[in-house]
Amino acid sequence: MEKKSLEYWQNLAASLHIEGRAFIDGEYRDAASGNTFDCVNPSDGTLLAKIADSGEADVNAAVAAARHAFETRVWAGLNPRKRKSILLRWAGLIRAHMDELALLETLDAGKPISDTTSVDVPGAAYCVEWFAEAIDKVGGEVVPSDHHLVGLVTREPIGVVAAVVPWNFPILMASWKFAPALAAGNSVVLKPSEKSPLAAIRLGQLALEAGIPAGVFNVVPGAGGPGKLLALHEDVDCLAFTGSTNVGKLIMQYAGQSNLKRVWLELGGKSPNIVMADCADLDRAANSAAGAIFYNMGEMCTAGSRLLVQREIKDKFLDKVVAAARAYKPGNPLDPVTSMGAIIDEVQLERVLGYIEAGRKEAKLLLGGERVDQASGGYYIEPTIFDITSSDAKIAREEIFGPVLSVITFDTAEEAVRIANDSDYGLGAAVWTSDLTTAHEMSRSLRAGTVWVNCYDEGGDMNFPFGGYKQSGNGRDKSLHALEKYTELKSTLVRLR
Ligand code: NAD
130 MEKKSLEYWQ NLAASLHIEG RAFIDGEYRD AASGNTFDCV NPSDGTLLAK IADSGEADVN
190 AAVAAARHAF ETRVWAGLNP RKRKSILLRW AGLIRAHMDE LALLETLDAG KPISDTTSVD
250 VPGAAYCVEW FAEAIDKVGG EVVPSDHHLV GLVTREPIGV VAAVVPWNFP ILMASWKFAP
310 ALAAGNSVVL KPSEKSPLAA IRLGQLALEA GIPAGVFNVV PGAGGPGKLL ALHEDVDCLA
370 FTGSTNVGKL IMQYAGQSNL KRVWLELGGK SPNIVMADCA DLDRAANSAA GAIFYNMGEM
430 CTAGSRLLVQ REIKDKFLDK VVAAARAYKP GNPLDPVTSM GAIIDEVQLE RVLGYIEAGR
490 KEAKLLLGGE RVDQASGGYY IEPTIFDITS SDAKIAREEI FGPVLSVITF DTAEEAVRIA
550 NDSDYGLGAA VWTSDLTTAH EMSRSLRAGT VWVNCYDEGG DMNFPFGGYK QSGNGRDKSL
610 HALEKYTELK STLVRLR
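Mapping of the sequence shown onto the working numbering: residues 130 to 626, in sequence order.
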């Protein structure tokens with residue numbers, strides 16, 4: 130398909146109406162306080178819109194609407210086939226509004242338009258379709274039991290699900306929560322990141338148009354802490370969170386301080402990408418290693434931010450990685466040829482630059498290291514690669530969430546696994562080798578929720594559960610396993626005589 134031009138996107142942006150109000154009980158509303166916060170375009174620093182800063186009254190209204198919808202069974206009580214058809218209509222509307230939603234994501238989060246049109250928005254529509262298609266096919270169990278009993282084991286929607294999500298894949302990460310939650314019959318209150326609320330807000334109107342009843346899907350943007358209010362709320366049954374490990378820890382505490390709501394966490398990562406000397410295709414591995422860290426400006430929970438390379442191929446391989454990294458040139462995210470957009474905001478920009486400064490002191494800079502195109506008013510950092518001498522280096526241990534790669538050298542497979550697992554995180558890992566035994570033995574030993582062999586970040590299919598070991602979280606997004614998070618398991622024992 131031919132790519133639309135920069136001019137096309139600029140014209141569309143100029144004519145765009147941006148909705149900034151919360152979506153509660155089937156209608157757009159200003160915050161009860163009247164407060165707003167600024168939504169800024171990271172590609173040039175300009176103001177995009179004023180967004181409703183939802184506070185306690187708004188969160189309470191959204192939760193009450195969600196509770197009312199759940200109790201009156203307007204959604205949970207539908208035949209799953211009916212829920213499916215409505216969700217499919219919603220997915221169809223998301224596809225029909227592809228350009229608008231992709232543009233909102235690009236303006237809001239600085240992501241290249243070529244990615245938001247090919248990954249983020251189609252991925253969200255596909256996620257809704259997948260769970261819609263699943264929900265009239267999964268049933269319960271009739272379990273072995275005493276002769277006088279009929280034993281049923283069923284899953285029921287949990288009630289009011291709050292979804293608190295980050296800014297790196299705003300609509301996609303949100304869909305990984307709300308699609309299974311809604312398919313299972315729950316009501317949802319979605320809290321987008323204050324750094325990227327636009328597409329989520331727009332989805333509210335499309336949900337209504339699709340026929341999702343008022344109160345079933347609500348969106349409460351806010352900079353002043355609606356996430357915390359939801360996590361502490363006594364009438365929220367489940368909080369599904371994607372974000373940083375630090376905030377994830379707080380969310381667990383809030384659940385403990387309130388009603389012990391179910392908490393599901395998808396958190397940070399510092400994923401190892403291991404290249405063995407017997408890797409069959411170093412060019413492919415190098416391109417993939419660059420993509421693993423520089424795609425989406427490195428703002429990836431699964432970023433392959435630690436590149437572990439076996440000593441005998443190190444020099445040859447790093448030359449290829451550096452060459453591949455040069456293809457990621459920061460530029461205007463609205464330009465369809467741009468492969469690397471802007472960092473989400475000034476705070477994150479400074480954070481990443483701080484890590485780069487630390488890296489200069491503790492490692493050897495191989496590429497990049499600078500903020501670029503400052504005259505645009507946007508927040509751009511070039512692909513940056515460090516050769517690490519000690520795996521204790523700060524930049525090799527902490528999640529940077531930016532385009533900074535740490536290269537670590539190893540000698541044996543055992544050493545590679547030890548370094549790879551020596552992390553608080555366990556989200557993703559990869560190993561490149563042409564030896565089948567090495568591939569299987571290493572992938573078994575790697576403590577991560579996803580292991581890629583001879584690839585990285587593959588798995589657009591919804592069939593693969595996604596989530597982390599250790600401090601990368603609990604529970605899993607995607608796949609039928611995700612439905613488990615949004616349902617309670619019930620045993621029903623029917624005595625016959
Ligand atoms: P963040 O933790 O700062 O914020 C995530 C969300 O939590 C936002 O909506 C934010 O407003 C909200 N929040 C902030 N403080 C809160 C509090 N005290 N109580 C309740 N909610 C609160 O994370 P971020 O900067 O938006 O996103 C980056 C992080 O997300 C990275 O660590 C990244 O690895 C992680 N992430 C993980 C996955 C995954 O699937 N594992 C996917 C994407 C991003």
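The beta carbon of each residue, even a glycine, is placed where N, CA and C say it ideally should be.
query: Extract the residue ranges of the beta strand (DSSP E) inside the region 363 to 436, only unbroken runs of 3 or more that lie entirely within it.; result: 367 to 371, 391 to 395 and 401 to 404
query: Per DSSP, D606 is paired with what?; result: F595
query: Just grab the DSSP bridge partners of P286 for me.; result: T616
query: Return the CA-CA distance between D249 and S134, expressed in angstroms with no decimal places.; result: 19 angstroms
query: Could you have a look at D275 and say whether DSSP puts it in helix, strand or coil?; result: coil
query: State the DSSP-derived secondary structure class of D502, mapped to helix, strand or coil.; result: coil
query: Ligand 1 and E491: does the residue's C-beta get closer than 6 angstroms to at least one heavy atom of that ligand?; result: no
query: Do you know whose CA, among L281, K320 and N170, lies nearest N189's CA?; result: K320
query: Report yes or no: do three or more beta-carbon pairs, one from the region 492 to 501 and one from the region 513 to 530, lie closer than 8 angstroms?; result: yes
query: Could you compute how far the alpha carbon of E527 sits from the alpha carbon of F539?; result: 20 angstroms
query: Taking P273 as the reference, give the member of V267, V282 and D265 with the closest Cα.; result: V282
query: Exposed or buried, which one is N140 when buried takes at least 16 other CB atoms within 10 Å?; result: exposed
query: Less than 7 angstroms separating the beta-carbons of L496 and A549?; result: no
query: Got a sec? Which residues, its chain only, sit under 7 angstroms from A220 by beta carbon, not counting five neighbours each side?; result: A254, V257, E258 and A261
query: From D364, P465 and A456, pick the residue whose C-alpha is nearest to that of E511; which is it?; result: A456
query: Over the uninterrupted beta strand (DSSP E) stretch that includes C647, give me the two end residues.; result: This structure cannot speak to residue 647, because the chain is shown only from 130 to 626.
query: In the DSSP assignment, the alpha helix (DSSP H) including W561 goes from what residue to what residue?; result: Not the alpha helix (DSSP H): W561 falls in the beta strand (DSSP E), residues G557 to W561.
query: Our contact map puts I264 next to A313 with C-beta atoms below 8 angstroms; I'd like the distance itself, whole angstroms only.; result: 7 angstroms
query: Of the choices E285, T235 and A329, whose alpha-carbon is the least far from that of K306?; result: A329
query: Is any non-hydrogen atom of ligand 1 found closer than 6 angstroms to the C-beta of P350, if you look at the structure I gave you?; result: no
query: Here's the rule: buried if 16 or more other CB atoms are within 10 angstroms of the residue's CB, otherwise exposed. What is L482?; result: buried
query: Excluding the 5 residues preceding and the 5 following S325 in the sequence, name in chain order all residues of the same chain whose CB lies nearer than 6 angstroms to its CB.; result: D237, A238, W296 and P299
query: So, does the CB of G460 fall closer than 7 angstroms to a CB anywhere in chain B?; result: Checking the listed chains, one finds no chain B in this structure; it contains a single protein chain.
query: Who pairs with N347 in a beta bridge, going by DSSP?; result: V318
query: Tell me whether P241 sits in a helix, a strand or coil according to DSSP, three-state version.; result: coil
query: Ends of the beta strand (DSSP E) at K458?; result: Taken as a continuous stretch (DSSP letters only), K458 belongs to no beta strand (DSSP E), as it is neither H nor E.
query: Starting from the N-terminal side, write out each stretch of the alpha helix (DSSP H) that is 4 residues or longer and does not extend beyond the region 478 to 534.; result: 523 to 526
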